[in-house]
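Asks: First to last, the protein sequences are chains Y and E. For any residue, its number in the working numbering is found by taking its place in the first sequence, counting from 1, and adding 90. For any residue, its number in the working numbering is found by taking its place in the second sequence, counting from 1, and adding 90. The structure that follows is given in the form of structure tokens.
Number of protein chains: 2
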Amino acid sequence: MTDVYCALVHYPVRAKDGSTVTTAVTNLDVHDIARLARTFELRGYFIVTPIEAQRQLVERILAHWRDGGGKKRIPNRADALSRVRVVDTIEAAAEVIAQEARGTQEPGTAPRRIATAARSSGRELGSYAAEAKLLAAEGPPALLLFGTGHGLADSVLDEADTLLPPIAGRGDYNHLSVRAAAAITVDRLLGDRNSAE
Amino acid sequence: MTDVYCALVHYPVRAKDGSTVTTAVTNLDVHDIARLARTFELRGYFIVTPIEAQRQLVERILAHWRDGGGKKRIPNRADALSRVRVVDTIEAAAEVIAQEARGTQEPGTAPRRIATAARSSGRELGSYAAEAKLLAAEGPPALLLFGTGHGLADSVLDEADTLLPPIAGRGDYNHLSVRAAAAITVDRLLGDRNSAE
């Protein structure tokens, strides 16, 4: 089984007008996606922001759960948050992952980057089924990339090894929260198909 | 295609110790699940709370998006929130749904209640595949029930027509946020299997 990681990217992401911006970290994104990552046994969840004050903020939240009052109050939350790491760039996350390569993977093996987007961009798309199959087998580690704001910047999509299709609902409305989109994506890729079907 | 609704239940739900409590409404649950409901074309999203002050709070939030500044700023959010309704009991939601029966359904047709739970309770479980098939066909309306706190009270599970299996990740950790659990459940039941597979 492949080691899977995810990253919530706060830069570079798109603003409403298509320009590239940095978004603010929100506490709830840290918690919700950490719980998701723990449930589906992702090996790590990276919060990506170039803003040092924001990285410090997340580290303070994590310390509360690692060593502070949070752990006593809700131990399972502390467990989930123990997988969270804070980095300044996607590249830094990829480097950490490469260092953690284990099993059949050579140390230094770069992760395959799997990008997600809510909008169609004309790029070639992978499929959830093909990715799920790859992740169920032994292979290089995988890094799932989720964008905040109005989605990952084009440069991130361009550098990804795979771009997953937008999550289609029943109509043409497509404005899920990143928390919901991450949950659906991870379930499609790693969920127990026996319970799902 | 069946008319599907969902409800986020703040009473009766379980506390950590198994007792029955009322939880507080959170703004983010209103938004995230409204966006999910809109994406998957649910016909309505009910916030269920017996506390009048909480119902008024949600109505104020909705008014901001229906008539206030929110609609101008983020029209698609206003669109999603237009499906939200606030009721005091699950029964009241079921009555509204019965009044809205259309198509091949007789007016007054009560919805099938589909409950969700993160814990195993020894009750007989439905399956996502069987439910997805039912919902894809013409049938009585369906009401998906999601619990806040530590999940729907036993009385709600007992009165449901179907209880879906807990969402299994890769291990035994099972503490998704209700926002993530709702997203995964709705995708398993109504998601475009062509894009998912």
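The C-beta atom is built at its ideal place from N, Cα and C for all residues, glycine as well. All figures in this text were calculated on a predicted structure; none of them were measured in a lab.
1) Just tell me which of T113/Y, A200/Y, M91/Y and E190/Y has its CA closest to the CA of A243/Y.
2) Does the Cβ-Cβ distance between V148/Y and G239/Y come in under 7 Å?
3) Measuring only between beta-carbons, confirm whether S109/E sits less than 7 Å from chain Y.
4) Run through the segment 187–241 of chain Y for me and flag every whole beta strand (DSSP E) of 3 or more residues, listed as ranges in chain order.
5) Just curious, the alpha helix (DSSP H) that V115/Y is in, first and last residue?
6) Please classify Q144/E as buried or exposed, where buried requires at least 16 other C-beta atoms within 10 Å of its C-beta.
7) Going along chain E in order, which residues have a C-beta closer than 7 Å to the C-beta of T179/Y?
8) Can you list, in chain order, the residues of its chain with a C-beta nearer than 6 Å to that of L280/Y? Leave out the 5 residues immediately preceding and following it.
9) List, in chain order, every chain E residue whose beta-carbon is nearer than 8 Å to that of H265/Y.
10) Helix or strand or just coil, what does DSSP make of E287/E?
11) Quick one, which of A182/Y, A271/Y and G160/Y has its alpha-carbon nearest R198/Y's?
12) I'd like to know if the segment 249–269 of chain Y and the segment 127–141 of chain Y are in contact, where contact means that at least 3 CB-CB pairs between them fall below 8 Å.
13) Quick check on this structure: which residue in A208/Y, P201/Y and P255/Y has the alpha carbon closest to the alpha carbon of A220/Y?
14) Quick one: list the residues of chain Y neighbouring G259/E, beta-carbon separation under 7 Å, in chain order.
15) Have a look at D282/Y and G237/Y and give me their C-alpha separation to the nearest angstrom.
16) Counting only beta-carbon separations shorter than 7 Å, does V94/Y have a partner in chain E?
17) Which value, in whole angstroms, describes the spacing of the CA atoms of K106/Y and V99/Y?
18) Would R269/Y pass as an interface residue toward chain E - the criterion being a Cβ-Cβ separation below 7 Å?
19) For the 8 Å Cβ check, are there 3 or more pairs between the segment 161–176 of chain E and the segment 202–211 of chain E?
20) Please state the DSSP three-state secondary structure of G134/E.
21) Taking 7 Å as the threshold (beta carbon to beta carbon), is A273/E in contact with chain Y?
22) Spell out the partners DSSP gives V177/E in its beta bridges.
23) Can you give the Cα-Cα distance for T110/E and G241/E, rounded to whole angstroms?
24) For D282/Y, which residues in chain E fall below 7 Å Cβ to Cβ?
25) Distance cutoff 7 Å, beta carbons only. Does D277/E sit that close to anything in chain Y?
26) Anything in chain E within Cβ reach of L330/Y, meaning under 7 Å, just list it in chain order.
27) Quick one: what's got a C-beta closer than 8 Å to H121/Y's C-beta in the same chain, skipping five residues either side?
28) What did DSSP end up calling A182/Y once you bin it into helix, strand or coil?
29) Would you kindly work out how many angstroms separate the C-alpha atoms of N117/E and L152/E, rounded to a whole number?
30) Which word fits D262/E, buried or exposed, when buried means at least 16 other C-beta atoms lie within 10 angstroms of its C-beta?
31) For D157/Y, count the other beta carbons within 10 Å of its own beta carbon; 16 or more makes it buried, fewer makes it exposed. Which is it?
32) Pull up the CB-CB distance for V177/Y and V138/Y, whole angstroms please, since I reckon it's below 8 Å.
33) Using CA coordinates, which residue listed in T275/Y, A222/Y and E142/Y is at the minimum distance from T92/Y?
34) With 7 Å as the threshold, decide whether the Cβ of D122/E is near any Cβ in chain Y.
35) Only counting the same chain, and skipping five residues up and downstream in sequence, which positions put a Cβ closer than 7 Å to that of E249/E?
Replies: Let me spell this out:
1) Residue mapping note: residue 243/Y aligns to position 153 of the first sequence, counting from 1. Among T113/Y, A200/Y, M91/Y and E190/Y, the Cα nearest to that of A243/Y is on T113/Y.
2) Mapped onto the first sequence, residue 148/Y falls at position 58. Mapped onto the first sequence, residue 239/Y falls at position 149. It is not a contact, given that the beta carbons lie outside the stated cut-off.
3) Taking the first residue of the second sequence as position 1, residue 109/E is located at position 19. For S109/E, the closest Cβ of chain Y is not nearer than 7 Å.
4) You should have 202–205 and 232–237.
5) For the purposes of this step, residue 115/Y is identified with residue 25 of the first sequence, where counting begins at 1. Element bounds for V115/Y: n/a, residue is neither H nor E.
6) Within the second sequence, numbered from 1, the residue matching residue 144/E stands at position 54. Answer is buried; the Cβ neighbour count reaches 16.
7) Counting from 1 along the first sequence, the entry for residue 179/Y is found at position 89. None at all; the shortest Cβ gap to chain E is about 26 Å.
8) Along the first sequence, read from residue 1 onward, the residue named residue 280/Y stands at position 190. Here the set comprises F130.
9) As a working mapping, residue 265/Y is identified with position 175 in the first sequence. For H265/Y, the chain E residues whose Cβ falls inside 8 Å of its Cβ are R125, R128, T129, N166, R167 and A170, in order along the chain.
10) Here residue 287/E corresponds to residue number 197 of the second sequence, with the count starting at 1. With a pLDDT of only 41 at E287/E, under the threshold of 50, the placement of this residue in the model should not be trusted, and no figure is reported.
11) As a first step, residue 198/Y must be located in the first sequence, where it is residue number 108. Checking the sequence, you will find Gly at residue 198/Y rather than Arg. When the alpha-carbon of G198/Y is set against those of A182/Y, A271/Y and G160/Y, the nearest one is in A182/Y.
12) With the cut-off at 8 Å, the segment 249–269 of chain Y and the segment 127–141 of chain Y do not touch.
13) For the purposes of this step, residue 220/Y is taken as residue 130 along the first sequence, with counting starting at 1. The shortest Cα separation from A220/Y among A208/Y, P201/Y and P255/Y belongs to P255/Y.
14) As a first step, residue 259/E must be located in the second sequence, where it is residue number 169. Per Cβ cutoff of 7 Å: T129, F130 and E131.
15) Counting from 1 along the first sequence, the entry for residue 282/Y is found at position 192. Counting from 1 along the first sequence, the entry for residue 237/Y is found at position 147. Here the C-alpha atom of D282/Y lies approximately 25 Å from the C-alpha atom of G237/Y.
16) Locating residue 94/Y in the first sequence gives position 4, where the first residue counts as 1. No, no contact with chain E.
17) On the first sequence, residue 106/Y is found 16 positions in, with the first residue counted as 1. On the first sequence, residue 99/Y is found 9 positions in, with the first residue counted as 1. The alpha-carbon separation between K106/Y and V99/Y amounts to approximately 16 Å.
18) The residue given as residue 269/Y occupies position 179 in the first sequence. Closer than 7 Å to some Cβ of chain E, the Cβ of R269/Y qualifies, so yes.
19) These segments do not touch.
20) Indexing the second sequence from 1 puts residue 134/E at position 44. If DSSP states are grouped into helix, strand and coil, G134/E belongs with the strands.
21) Mapped onto the second sequence, residue 273/E falls at position 183. Judged by the 7 Å Cβ criterion, A273/E is in contact with chain Y.
22) Translated into the one-based positions of the second sequence, residue 177/E becomes position 87. Note: V177/E sits in a beta bridge opposite V138/E.
23) Working through the second sequence from its first residue, we reach residue 110/E at position 20. Working through the second sequence from its first residue, we reach residue 241/E at position 151. Going from the Cα of T110/E to the Cα of G241/E covers about 10 Å.
24) Position 192 of the first sequence, counted from the start, is the residue given in the question as residue 282/Y. Ordered by position in chain E, the residues that pass the 7 Å Cβ test against D282/Y are A258.
25) Reading the second sequence from its first residue, position 187 is the one you call residue 277/E. When Cβ-Cβ separations below 7 Å define contact, D277/E makes contact with chain Y.
26) The requested residue 330/Y is not part of the displayed model; chain Y covers only 91 to 287.
27) For the purposes of this step, residue 121/Y is identified with residue 31 of the first sequence, where counting begins at 1. Taken in chain order, the residues that qualify are R167, A170 and L171.
28) Residue 182/Y sits at position 92 when you count from the first residue of the first sequence. DSSP, read as helix, strand or coil, puts A182/Y in helix.
29) Looking up residue 117/E in the second sequence gives position 27. Looking up residue 152/E in the second sequence gives position 62. When the Cα atoms are used, N117/E and L152/E turn out to be separated by approximately 10 Å.
30) For this step, residue 262/E is matched to residue 172 along the second sequence. Answer is exposed; the Cβ neighbour count stays below 16.
31) As a working note, residue 157/Y is residue 67 in the first sequence. Exposed, because fewer than 16 other Cβ atoms sit within 10 Å of the Cβ of D157/Y.
32) Numbered from its first residue, the first sequence carries residue 177/Y at position 87. Numbered from its first residue, the first sequence carries residue 138/Y at position 48. So it is a contact: roughly 6 Å between Cβ atoms.
33) Locating residue 92/Y in the first sequence gives position 2, counting from the first residue. Among T275/Y, A222/Y and E142/Y, the Cα nearest to that of T92/Y is on A222/Y.
34) By one-based count along the second sequence, residue 122/E stands at place 32. Closer than 7 Å: yes.
35) On the second sequence, residue 249/E is found 159 positions in, with the first residue counted as 1. Counting only Cβ-Cβ distances below 7 Å, and skipping sequence neighbours, we find R203.
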